[in-house]
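Student: Sharing a structure below in structure tokens format, with a few things to ask.
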């Protein structure tokens, strides 16, 4: 009885199984990957594996392929996220105004979320195809003589992948922001209208601050997902042509599974982790520069 | 309700029982008449002894067993008394990942394995395979095949399927263009000239005619799989070898920057960027897009593996049934092309070496080779089966038979563990050249520098080359 009444001890006991599982399936692989990153680790040639300290972390920045993937990933995230947020917010606000058929429209809009990213990549690959794809067929139909080579032109292939990413992920933003809007009291909006606030003022000073926590969480989650994007690009372009749409996850995959350089691949993974931590910290700081309590 | 339940039980049982009966009546039976009429030495090599009762081996496999694989596995089990556990993976990549993991963790999980062209050499050079004894009917296999699965004269993989690219062309389009459909191009230079006549825009003009609209092409004269994957190098090797180039010289120095090699790549690039005889999306064309374009009737000629012939003659999916001819690939300075295929090997980690070896050898037997070729349409691993196939399926088998003797091994496979890294650099430079980011010459020169670094990193010259040069 005393044990149960001691809430700290009891609580700790209840979470022990979860902590053990987390340690086994999360912490252990994480620490092992750190261990691998400090070695020249050869998967099927363990005799060549040796401790190299932080050499992988330095040498990776001399690898042009890594730098290319690194900057492509920054471009990918830097463009996709703002568009997903803006379009998602627009759709959420629009849906909020609709009274009839809202659920049907919402269900239609979240269809992309039902597709596996790899399948999405393959489908869009055919849609983007110049000869067989529907997009260029339609563009030619409306009179565009030479439609873009969406994934075959190195100048635009990365942006073609970003378009698919935005198409796939806008629904998440829309859903979460839509949910956030339902918690906003209509009385506040009505009061603001009475006080003479126009649509912009209502959005800027009432709706946006209200949605800030949701925007932050969604940006963090989606940001991390975009940062480690793999299957969509693997299905669409395999990182080509000419490495123009190569991203960090694909680089890690190739380093590990093709080049068998697991040390390099693990160090690329840890660099991604640090970058995401830094980006998340900056985002939280910017979003809450006026202090969390004021929200 | 009770009546409904009874009806449901009766109907379900009937459906299940009928399916079982139907599947049983159509089930493939693995008979071995060729083996049984062979010499005692051949029988002794391939037919397992019945002394493995109670034993089992684990074998990883890409893709679900087809009926031939299943029936012949069961035949092995019947003859040997052993059990073979097939562990199926969706793709070859997944299967190899599982094998690599088992090797790295020394789990001893697998006993025998099958792999594509590079597998036996890669794993053999990595010290993960045990050699198989030389089959007494060695001369029934293609020399190129045996060489690509051997290290220092020791056989690391017994061939089960051979493979080679063949030339496809549309006889109806040849006629429309005023070309003789029985006379395909003899050289790759000639192929380009034919392709220019066969590339037709939406107004019916070919690419040599005034007013040809290169932005609205209806039919392409030729194609190339330019994707960032094994698809592009393994098509390019056909042209590389035909132009007189190679990957390594006899001392394993990289020679992809030879004039012949650059010429072969320039030929591909010019076809795409200058002559416009290839689809605009060529840099991202994989096998799927490539063969879809061909069987939809939008490509006049192609170099591809034999599987596409069956697809092109299937009315369910093809618009070109009865309009496709196949034959020997053109030459440039020589008739040459790459060799693919599959082989079976014995893993060193296996604790049941004798049983694993028996199973690997079983999969190389002539009857299995005949089923793979005659029923499944794969290129035959044996000369005798090629002769049989030419009688049974003269069109496709004839084309395969004409191309198989021209085959050369892809020497990147000799690099063992460095193989995939070298392939990666190869598809990179092909794409740099195709997209115009670099000239072919610059692309291969830059790639050579990277490849030399890879070989140095993997100690290729210290550890692998001495094994390769043993003889």
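Chains as they are written, first to last, in the working numbering: chain A, -14 to 280; chain B, 7 to 477. The beta carbon of each residue, even a glycine, is placed where N, CA and C say it ideally should be. Only a predicted model underlies this, so the values are computations on that prediction, with no experimental measurement involved.
Thinking just about the alpha-carbon of each residue, which of B:113, B:242 and B:106 is nearest to the one in residue 121 of chain B?
Tutor: B:106
Student: Determine whether the Cβ of residue 222 of chain A lies closer than 8 Å to any Cβ atom of chain B.
Tutor: yes
Student: Given this structure, state the Cα-to-Cα distance separating residue 140 of chain A from residue 169 of chain A, to the nearest angstrom.
Tutor: 44 Å
Student: Assuming residue 479 of chain B is part of the alpha helix (DSSP H), what are its boundary residues?
Tutor: With chain B covering 7 to 477 only, the question about residue 479 of chain B has no answer from this structure.
Student: Whose Cβ in chain A lies nearer than 8 Å to the Cβ of residue 221 of chain B?
Tutor: 130 and 131
Student: Output the boundary residues of the beta strand (DSSP E) element that contains residue 94 of chain A.
Tutor: No beta strand (DSSP E) holds residue 94 of chain A; the alpha helix (DSSP H) holding it covers 87 to 94.
Student: Using a Cβ-Cβ cut-off of 7 Å (strictly less than) and excluding sequence neighbours within five positions of residue 77 of chain A, which residues of its own chain qualify?
Tutor: 159, 162, 163 and 166
Student: Is there at least one Cβ from chain A nearer than 8 Å to residue 308 of chain B's Cβ?
Tutor: no
Student: Identify the contact partners of residue 430 of chain B in chain A, using a Cβ-Cβ distance below 9 Å as the criterion.
Tutor: 239, 243 and 244
Student: Quick one: measure Cβ to Cβ for residue 372 of chain B and residue 388 of chain B, integer angstroms, because I've assumed they're closer than 8 Å.
Tutor: 6 Å
Student: Considering only C-alpha positions, which residue in the set B:208, B:439, B:410 and B:108 is nearest to residue 129 of chain B?
Tutor: B:108
Student: So for residue 31 of chain B, helix, strand or coil by DSSP?
Tutor: Residue confidence is low: residue 31 of chain B scores 47 on pLDDT, short of 50, so the model does not pin down where it sits. Its coordinate-derived value is still stated next. Of the three classes helix, strand and coil, the one that applies to residue 31 of chain B here is helix, per DSSP.
Student: If we count the other Cβ atoms within 10 Å of its Cβ and call it buried at 16 or more, is residue 366 of chain B buried or exposed?
Tutor: buried
Student: Which two residues bound the contiguous alpha helix (DSSP H) that contains residue 252 of chain A?
Tutor: Looking at the DSSP string, the run of the alpha helix (DSSP H) that includes residue 252 of chain A is 247 to 272.
Student: Please list, in chain order, all residues of the same chain as residue 66 of chain B whose beta carbon is under 7 Å from its beta carbon, the five residues on each side excluded.
Tutor: 93, 95, 101, 104, 105, 116 and 119
Student: Given that residue 104 of chain B touches chain A, what residues does it touch there, using C-beta distances under 7 Å?
Tutor: One finds nothing in chain A with a Cβ atom closer than 7 Å to the Cβ of residue 104 of chain B; even the nearest lies about 12 Å away.
Student: Relative to the C-alpha of residue 201 of chain A, which residue among A:211, A:185 and A:273 is closest?
Tutor: Ranking the options by Cα distance to residue 201 of chain A, first place goes to A:273.
Student: Give me whichever residues DSSP pairs with residue 353 of chain B in a beta bridge.
Tutor: B:135
Student: For the stretch 202 to 236 of chain A, enumerate the residues whose C-beta is nearer than 7 Å to any C-beta of chain B, in chain order.
Tutor: 222, 223, 224, 225, 226, 227 and 228
Student: Consider the Cβ of residue 445 of chain B: report whether some Cβ of chain A lies at a distance smaller than 8 Å.
Tutor: no
Student: Should residue 440 of chain B be labelled buried (16 or more other beta-carbon atoms within 10 Å of its own) or exposed?
Tutor: Result: buried.
Student: Taking residue 123 of chain B and residue 419 of chain B to be in contact with their CB atoms under 8 Å, please state how far apart those CB atoms are, rounded to whole angstroms.
Tutor: Yes, residue 123 of chain B and residue 419 of chain B are in contact; Cβ-Cβ is about 6 Å, under 8 Å.
Student: Give every residue of the same chain whose Cβ lies closer than 6 Å to the Cβ of residue 206 of chain B, excluding the five residues on either side of it in the sequence, and list them in chain order.
Tutor: Closer than 6 Å at Cβ, skipping near neighbours: 212, 224 and 225.
Student: Return the bridge partner residues of residue 160 of chain B from the DSSP annotation.
Tutor: B:157
Student: Measure the C-alpha to C-alpha separation of residue 203 of chain A and residue 26 of chain A and round it to an integer number of angstroms.
Tutor: The alpha-carbon separation between residue 203 of chain A and residue 26 of chain A amounts to approximately 36 Å.
Student: Give me the Cα-Cα distance between residue 225 of chain A and residue 290 of chain B, rounded to the nearest whole angstrom.
Tutor: 7 Å
Student: For the beta strand (DSSP E) containing residue 111 of chain B, list its first residue and its last residue.
Tutor: Per DSSP, residue 111 of chain B belongs to no beta strand (DSSP E); it is in the alpha helix (DSSP H), 98 to 111.
Student: Need the endpoints of the beta strand (DSSP E) that residue 459 of chain B sits in, please.
Tutor: Premise fails: residue 459 of chain B lies in the alpha helix (DSSP H), 446 to 463, not in any beta strand (DSSP E).
Student: Quick check on DSSP: helix, strand or coil for residue 474 of chain B?
Tutor: The DSSP-derived three-state label of residue 474 of chain B is helix.
Student: For residue 150 of chain A, does the three-state DSSP call read helix, strand or coil?
Tutor: Here residue 150 of chain A sits in helix by DSSP.
Student: On a Cα-Cα basis, can you pick out the residue from B:355, B:221, B:50 and B:349 that is closest to residue 378 of chain B?
Tutor: B:349
Student: For residue 65 of chain B, which beta-bridge partners are listed by DSSP?
Tutor: B:92
Student: Looking at the secondary structure, which residues open and close the alpha helix (DSSP H) in which residue 40 of chain A lies?
Tutor: Per DSSP, residue 40 of chain A belongs to the alpha helix (DSSP H) from 40 to 44.
Student: State the Cα-Cα distance for the pair residue 138 of chain B and residue 361 of chain B, rounded to the nearest angstrom.
Tutor: 12 Å
Student: Using 8 Å as the threshold, is the stretch 4 to 15 of chain A in touch with the stretch 434 to 451 of chain B, meaning 3 or more CB pairs across them?
Tutor: no
Student: How close, in whole Å, do the beta carbons of residue 267 of chain B and residue 275 of chain B come, if the pair is a contact with beta carbons under 8 Å?
Tutor: About 13 Å separates the two Cβ atoms, so there is no contact after all.
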